[in-house]
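Under the working numbering, the residue at position 18 of the sequence shown is numbered 173, and the numbers go up by one with no gaps.
Here the structure comes first, spelled out in structure tokens, and everything after it is commentary.
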Amino acid sequence: MAKEIGIDLGTTNVVIHLKGRGVVLNEPSVIAVDRYTQEIVAVGRDAYDLIGRTGNAYEIVYPLERGVIADYERTEALLVMFFQRIYRPSFFSKPNVLVSRPSVISEVEERALIEAVERAGAGRVFMDIEPKVAGIGAGISLDSPEGHMVIDIGGGTTDIAIISNGSVVVSETLPLAGRDMDEAVCDYFRKQRKLLLGERSAEQLKIQIASAIEVPESEVVTATVKGRNLLTGLPMSINATSNDLYNAILPIIDKIACNAKMLIEEVNPELAGDIMERGIILTGGGALIRSLDDYLSNELEVSVIASDQPMQCVAIGTGVMLDTIGTNKLMRRNPSPIQRLKQTIQSSFRRIVK
156 MAKEIGIDLG
166 TTNVVIHLKG
176 RGVVLNEPSV
186 IAVDRYTQEI
196 VAVGRDAYDL
206 IGRTGNAYEI
216 VYPLERGVIA
226 DYERTEALLV
236 MFFQRIYRPS
246 FFSKPNVLVS
256 RPSVISEVEE
266 RALIEAVERA
276 GAGRVFMDIE
286 PKVAGIGAGI
296 SLDSPEGHMV
306 IDIGGGTTDI
316 AIISNGSVVV
326 SETLPLAGRD
336 MDEAVCDYFR
346 KQRKLLLGER
356 SAEQLKIQIA
366 SAIEVPESEV
376 VTATVKGRNL
386 LTGLPMSINA
396 TSNDLYNAIL
406 PIIDKIACNA
416 KMLIEEVNPE
426 LAGDIMERGI
436 ILTGGGALIR
446 SLDDYLSNEL
456 EVSVIASDQP
466 MQCVAIGTGV
476 MLDTIGTNKL
486 MRRNPSPIQR
496 LKQTIQSSFR
506 RIVK
């Protein structure tokens, strides 16, 4: 019997769910490549640990960008290596794979995702919209007729969706997310404190003390951050505060709130009433930012609940869907050999007719 695997193929992290075992892999979606031989020297966490420490020897590559493939061959290589960690590949028994995708994606981008997963060793490939899968992983019932809203803040995109009866009513994908917050933190400290921060240092500082609400001086959280003095070029360390991080990321979280508000305004009063009654579910790594649920709640005038395992919600949701629906009822996104033959015949026939 073929294994069933669910994948959250994110810009910054890959999370894999294996049916019967739960979440079995949670690794950064990054690769380290030898600049001279172009060979892959590390993937996942091993590659992430090399960020900022490679000199000219290695190139650090994120093969996915904004939730879609930016480097096809390296995405395939990343998946092959991750698959090898969780099961023994077999030519005769390839796994069925359910992959989440951004709400808004072109047919070309979707096809590239499917083909990369196929070439990495999958048998049948299925796809579904990420915020829907995240909501299911956070506890939304597939059969629930009521309206639910999910805001999924990942590394490369923020996906917002309103769901009812197991289907997406309306959705939006924003090119604003965790990595944009990291860049905003770097920009803030360069301009305001004359400190040059590396990508990894900015991310760690965000995780450590970032807050979505400005707090009084007595409640400020601080952390020491090290970088390079913009003026002298020498090493420098300063005390950063949670209010520094608030000022850095505010423009991004404000845009997320504005887009969520516009999405609510698009649905009928019944669904809007459901959202008002049940609140909004917050998932993805961005949900870990301190007080982000409170900030969004204040802006949208609706209660916002951060999920218990925000970074694993999508992968958990794929597991729930595989268990509840089964692959026979999931929408198959890659045609079988018979379907491909049928499509080829139909295409040839249309050309003859023309």
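Cβ coordinates follow ideal geometry from the N, Cα and C atoms, glycine included.
Candidates the options, of which the one nearest residue i by Cα
i           : options               : result
residue 465 : 220, 293 and 277      : 293
residue 408 : 380, 393, 392 and 455 : 455
residue 431 : 238, 460 and 172      : 460
residue 270 : 226, 241 and 248      : 226
residue 169 : 190, 249, 191 and 309 : 309
residue 395 : 417, 419, 423 and 362 : 362
residue 199 : 399, 184 and 476      : 184
residue 381 : 422, 393 and 374      : 393
residue 343 : 405, 160, 277 and 373 : 405
residue 307 : 160, 440, 158 and 449 : 440
residue 162 : 321, 387 and 277      : 277
residue 403 : 387, 339 and 160      : 339
residue 241 : 321, 374, 295 and 160 : 160
residue 176 : 321, 387 and 158      : 158
residue 231 : 196, 268 and 243      : 268
Residues near residue i in its chain [Cβ-Cβ closer than 8 Å; skip 5 each side]
i           : result
residue 385 : 345, 349, 350 and 351
residue 383 : 350, 351, 389, 390 and 391
residue 458 : 434, 435 and 452
residue 319 : 299, 300, 301, 302, 303, 426 and 429
residue 258 : 284, 285, 286, 314, 315, 316, 323, 326, 327 and 328
residue 416 : 454 and 455
residue 423 : none
residue 449 : 367, 368 and 459
Cβ separation of residue i and residue j, assumed to be a contact under 8 Å, to the nearest whole Å
i           : j           : result
residue 219 : residue 164 : 7 Å
residue 186 : residue 212 : Incorrect: roughly 14 Å between the Cβ atoms, too far for contact.
residue 249 : residue 478 : Between residue 478 and residue 249 the Cβ distance is about 20 Å, and since that is not below 8 Å, they are no contact.
residue 473 : residue 172 : 5 Å
residue 332 : residue 468 : Not a contact, Cβ separation roughly 15 Å.
residue 471 : residue 178 : 7 Å
residue 476 : residue 260 : Not really, about 19 Å apart at Cβ, beyond 8 Å.
residue 237 : residue 182 : 7 Å
Residues near residue i by beta carbon distance below 6 Å, same chain, minus five either side
i           : result
residue 376 : 364 and 397
residue 235 : 275
residue 447 : 367
residue 335 : 407
residue 445 : 366
residue 321 : 297
Same chain only: Cβ atoms within 7 Å of residue i, ignoring 5 sequence neighbours per side
i           : result
residue 221 : 166, 311, 312 and 330
residue 412 : 451, 454 and 455
residue 414 : 315, 327 and 329
residue 229 : 186, 216 and 218
residue 341 : 352 and 357
residue 487 : With a pLDDT of 47 at residue 487, under the threshold of 50, the predicted position of this residue should be treated as unreliable, though the coordinate-derived value follows. 279 and 281, listed in sequence order.
residue 337 : 354, 357, 358 and 361
residue 462 : 293, 436, 437, 438, 442 and 468
residue 418 : 315, 317, 325 and 327
residue 378 : 360, 363, 364 and 395
Residues that DSSP places opposite residue i in a beta bridge
i           : result
residue 377 : 396
residue 384 : 350
residue 390 : 383
residue 406 : Per DSSP, none; premise fails for residue 406.
residue 314 : 307 and 328
residue 436 : 305 and 460
residue 445 : 366
residue 177 : 173
residue 187 : 197 and 215
Residue-chain proximity (residue i, chain D), Cβ-Cβ < 8 Å
i           : result
residue 270 : In the structure shown, chain D does not exist; there is a single protein chain.
Touching or not, the stretch 420–438 and the stretch 364–381, by the rule of three or more beta carbon pairs under 8 Å?
-> no
Using 8 Å as the Cβ pair cut-off and three pairs as the minimum, do the stretch 206–221 and the stretch 350–362 touch?
-> yes
Could you tell me whether the stretch 297–305 touches the stretch 262–271, using the rule of 3 or more Cβ pairs below 8 Å?
-> no
Three CB pairs or more closer than 8 Å across the stretch 279–288 and the stretch 250–262 | yes
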